[in-house]
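Protein sequence lines correspond, in order, to chains A and B. Heads up: the first sequence is residues 1 to 331, going by this note's numbering. Heads up: the second sequence is residues 1001 to 1630, going by this note's numbering. Ideal placement from N, C-alpha and C gives every residue a C-beta, glycine not left out. Written out below as structure tokens is the structure these notes cover.
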Amino acid sequence: MIRFILNRLVTMLVMVFALSFVCFFIIQLPPGDVISAYAAELAASGDGNVAQTLDMLRERYGLDQPFIVQYFQWVRNLLVGDLGYSFNLSKPVSEIIQSRLGISLLVESLAVVALWGIAIPIGIYSAVRRYSVGDMFATVFGFIGLAVPNFLFALLIMYIIYVFTGSATQGLFSQEYANAHWSIGRIIDFLGHVWIPVLVIATGGAAHVIRTLRANLLDELHKPYVVTARAKGMKERDLIMRYPVRVAMIPLVATVGWVLPTIISSSIVTAIVLNLPTLSPILLRSLLSQDMHLAGALILFMGILTLVGTLVSDLLLAWIDPRIRAGMADG
Amino acid sequence: MLRNRLMGCAAGTSLALLLGLPAFAADYNEAPDLAAQVEAGQLPPVAERLPATPMTVEAPEVGVYGGTWRSALKGNNDEGWIRRSAGYDPLVKFDFEWNSIEPNVAESFEVNDEATRYTFHLRKGHKWSDGTPFTSDDLVFAIMDVINNADYTGTRPKALLGVTATAPDPETLVIEMPAPNGMLLTELASVNGTQVVQFQKAYCSQFHPAYNPDANENAKAAGLAGWGEMMRQHCGVGRARDADRPTLYAWDQVDNYDGIKSPIRFTRNPYYFKVDQEGNQLPYLDDLSMTQVEDVNSIVLMGIAGEIDMTNRHIDSVANKPVFFDNQEKGGYQLYSTVPADMNTLIFQLNLNYEDDGFRELFQNKDFRIALSHGIDRQEIIDTLYVGLGEPYQAAPRPESRFYDEEMAKQYTEYDPDLANQMLDDIGLTERNGDGIRLLPDGRPLSIRVDVTTDLGQMLDILELVRPQWKEIGVDLDARKGERSYVYELKDNNRHMAHAWKGDGGLGDAQIDARYYVPSDEESAYALMWAKNFFQPDANDKQEPPAAVAAQIETYKEMFRSPTDEKRAELFRKVLETAKDQFYTIGVSLPPLSFGIATNEMQNVPEKQPQSWIYPTPGPMNTSILFKRQ
């Protein structure tokens, strides 16, 4: 087991390097750089008066260097913990990520908890009471959640709130709490806002979980060991929860690792529509403005989170499923 | 009542004279919270905070103190709105109608006959928001040490480059121009002019290596490339992010605008130099609060919910107007009109300097451009996209402008596909391929790729309507929507075949933003290489324009050198004559009146104010006279 984990960690290191190259390459693909994006932005606001300073900035940021030189500079800085500087936000990248990581994590964790909290019971119910009215309802509900784009759902909720209350609900805080320190009032204010993105993100993913769980559970429910256990008089509820559900969860657990990177990426459009102060809008902004260091750090960070998440799901799988555990021991 | 007030003034004056105090001192009123601070000994009395002769602003309605102006910023680079709403207090300012220039921070000014020497007289006793004196030394620092320093990376008023600024005494600033320049006042009053009064020497010199030997080191330690950038971040316009910087403006920034924090708050500057007609120190409003949003629709939503007290920024599109109109009563706000400085909804710019010989030759043929112009059914576009508002229009000053020329505005705008076809046949483009698209002499189809940026949405809609119209005259229009930096990268490197943008330069900005009338600007995308003769004369890749264009550029240069407004207007009319004759670009339609929104509480909201970048709406109205009815 230890060997397995060590093995995985070494592979991960190699993967991170490959990732860093790919993401730096992709960010550099579009013509232009952060300076030209900045110039275009200024021109759009009508301020086209900066040509004389652009070349100078470019030189100072090393943007006139060949790609490979820029890449190695970037990696060297990463290795000593310097994530670089965001031209667009005019601050160190680490500061930006720090300032929003907590809140992103909080929103996404709540969303994931809500998603699984809603979807798993529904999935189990749908399988056990197949073709019941409840199952039909859950299915329809789930597919609507899947079919309606998240941003549209977010807009719809905002619109409904506006129609009923006449106020524009967006962001995670009211004006008076936005820049304040945490307090009871701020937490209440936060809870009053956060349910919208949580609901939007959760409904968007619910159908997938419901259907996967339902299908897997249906496969299990009629297997001989279930029939045997039932024949021996085991209580139906314990029976289902202890064995078939555990097996049916495997595909879900296998993908739990993908939840981690969604801290940054899952809800970009939702976050923008709802004006959430999370990392997602910053990622989009940095990509649009070709703010390499910021975009690079965020994408690499997402990549690393995926790798870590995969490792976590592997370990969870091993814990859930003895067959996998056995496989690891061999390897 | 009036009589009483007059007598009060007279009494105050004589008393003030006796005590050696500034005139009217006894009559000034101030906001209650400031009065309380004076009472508590935290602030000097209002008469000592104001300059000896404060600037008197005639408010349409005398206001009451208090309230917060709520508005929104889009993303983290929207300083434009801060400059417009809170930061338009240059040395000299545009008047409301955008017809003339009047004193502002400078109490008066003189220009010599050659337009080489400008003298500005500041107000005695004018103070920064931290209570320290504001003197001409601050201005010399801004002009000589910062704006004219090649290491400074911020934007700068072009007219100030290469000048010599001196301060013979603390209230006088003299600017000597290297060559005659009649446009200095206009530049100073325009949106970039504010930076002259934005650098408090005491605070900003800490970022300058001449005053602080560690300035460069400090900048590098902060992750920046050099002091010039540090200066821009802390003191410059366009990236005014530092809330600690003292200011002359009506409101003083409280939060750093760092792209992370929201809302950005501003609070009343107790030393602001303006009073209303009754001697009440401005501003009336206590605070500003700007919420940073990621998406324009958030601003729209806040607007219809009545959570924005006044703005027109980002939201004043035709598409949004019905939404705002319908929700007025519910949201408790109203629409007001603005007059856009844009003279066109879209300007087609065929690249006359395009690298491809075949297309370039064709584009340079004026008859070809005329034929394309006749091939556009402008009325259909106006009816479809602008609910019938607007009129067919070329790149020409708006009817409200003193440079309006009906012939220039209307030439070749009638829809006449037969004539267009005839003209294209006459040019020799008679061969067509199977799709009915004309072929170039070398056999390639006549397909014109136009790059438009994604963020001015309606431009692509216009192009989509033009596409079938041009198909009828055998021209293929290949409209490509691109992210803005991509489109600009193409344009800046002269790799664009055609470019489309809105029609800047329709009102008072025509003379200094003449991009469509004479190749003169980075934005003159139809002839960037010719324009470089004006804006970048030492560029290696500039191209020699035809004689008529070269002469026009010379006339335009001469305009800048001319000292009097009449002479400059006369020369500019000559520039426009050539533009009419050259017909560089193809316009579509005149943009209709635009709009802004203001809550019902907000008072003194300007109606029919010009709307543009150079005239930074609503700044020139004196936003300090806005107030909220309690």
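query                                                                                                                                 : result
Test item: CB-CB of residue 103 of chain A and residue 199 of chain A under 9 angstroms                                               : no
Those residues which DSSP pairs with residue 1069 of chain B across a bridge                                                          : B/1288
Check whether residue 1629 of chain B and residue 1607 of chain B have beta carbons under 9 angstroms apart                           : no
Rounded distance between the beta-carbons of residue 1296 of chain B and residue 1074 of chain B, thought under 8 angstroms           : 6 angstroms
Contact list for residue 1323 of chain B against chain A, beta-carbon separation under 9 angstroms                                    : Those within 9 angstroms of residue 1323 of chain B in chain A number zero; the least Cβ separation is about 11 angstroms.
As assigned by DSSP and simplified to three states, the class of residue 1208 of chain B                                              : coil
Selection of the stretch 147-158 of chain A by Cβ proximity to chain B, strictly under 7 angstroms                                    : 158
Burial state of residue 1128 of chain B, where buried means 16 or more other Cβ atoms lie within 10 Å                                 : buried
Cβ pair residue 1191 of chain B, residue 1248 of chain B closer than 9 angstroms                                                      : no
Cβ of residue 48 of chain A within 9 angstroms of any chain B Cβ                                                                      : Below a pLDDT of 50, predicted positions are generally treated as unreliable, and residue 48 of chain A, at 49, falls in that range; the measurement from the model is reported next regardless. Yes, contact with chain B.
DSSP state of residue 1378 of chain B mapped onto helix, strand, coil                                                                 : helix
Top-ranked residue by Cα proximity to residue 153 of chain A, from A/187, A/4, A/183 and A/196                                        : A/196
Helix, strand or coil at residue 1293 of chain B according to DSSP, with G and I counted as helix                                     : strand
Run of the beta strand (DSSP E) containing residue 1280 of chain B, from where it starts to where it stops                            : Here residue 1280 of chain B belongs to no beta strand (DSSP E), and DSSP marks it neither H nor E.
Residue 1167 of chain B versus residue 1125 of chain B - alpha carbon distance                                                        : 16 angstroms
Where residue 1172 of chain B falls: helix, strand or coil (DSSP)                                                                     : strand
Neighbour-count burial assignment, residue 182 of chain A, 16 or more Cβ in a 10 Å radius                                             : exposed
Between the CA atoms of residue 157 of chain A and residue 165 of chain A - distance to the nearest angstrom                          : 12 angstroms
Span of the alpha helix (DSSP H) around residue 1421 of chain B                                                                       : 1417-1427
Stretch-stretch touch, CB-based, cutoff 8 angstroms, three pairs: the stretch 209-227 of chain A with the stretch 241-258 of chain A  : yes
Neighbour list for residue 1258 of chain B in chain A, Cβ cutoff strictly below 8 angstroms                                           : 89, 90 and 91
Under 9 angstroms between C-beta atoms of residue 170 of chain A and residue 193 of chain A                                           : yes
Neighbour list for residue 98 of chain A in chain B, Cβ cutoff strictly below 9 angstroms                                             : Correct list: empty, because the minimum Cβ distance to chain B is about 10 angstroms.
Below-9 angstroms beta-carbon distance, residue 1301 of chain B vs any chain A residue                                                : yes
Alpha-carbon to alpha-carbon, residue 1491 of chain B and residue 1176 of chain B                                                     : 36 angstroms
Whether residue 1586 of chain B touches residue 1446 of chain B by CB criterion (9 angstroms)                                         : no
Same chain only: Cβ atoms within 6 angstroms of residue 367 of chain A, ignoring 5 sequence neighbours per side                       : With chain A represented from 1 up to 331, any question about residue 367 of chain A goes unanswered, as that position is not in the structure.
The stretch 1478-1491 of chain B touching the stretch 1538-1546 of chain B, judged by at least three CB pairs closer than 8 angstroms : no
Proximity test, Cβ basis, 9 angstroms: residue 1297 of chain B and chain A                                                            : yes
CA-to-CA distance, residue 124 of chain A to residue 114 of chain A, given in whole angstroms                                         : 16 angstroms
Buried versus exposed call for residue 1098 of chain B [16 or more other C-beta atoms within 10 Å across all chains shown]            : buried
Residue 69 of chain A versus A/99, A/28 and A/277, residue with shortest Cα-Cα distance                                               : A/28
Integer-rounded CB distance, given that residue 1598 of chain B should sit under 8 angstroms from residue 1334 of chain B             : 6 angstroms
C-alpha gap between residue 1559 of chain B and residue 1430 of chain B, whole angstroms                                              : 44 angstroms
Residue 1313 of chain B - DSSP class collapsed to helix/strand/coil                                                                   : coil
CB contact check: residue 166 of chain A to chain B, cutoff 9 angstroms                                                               : yes
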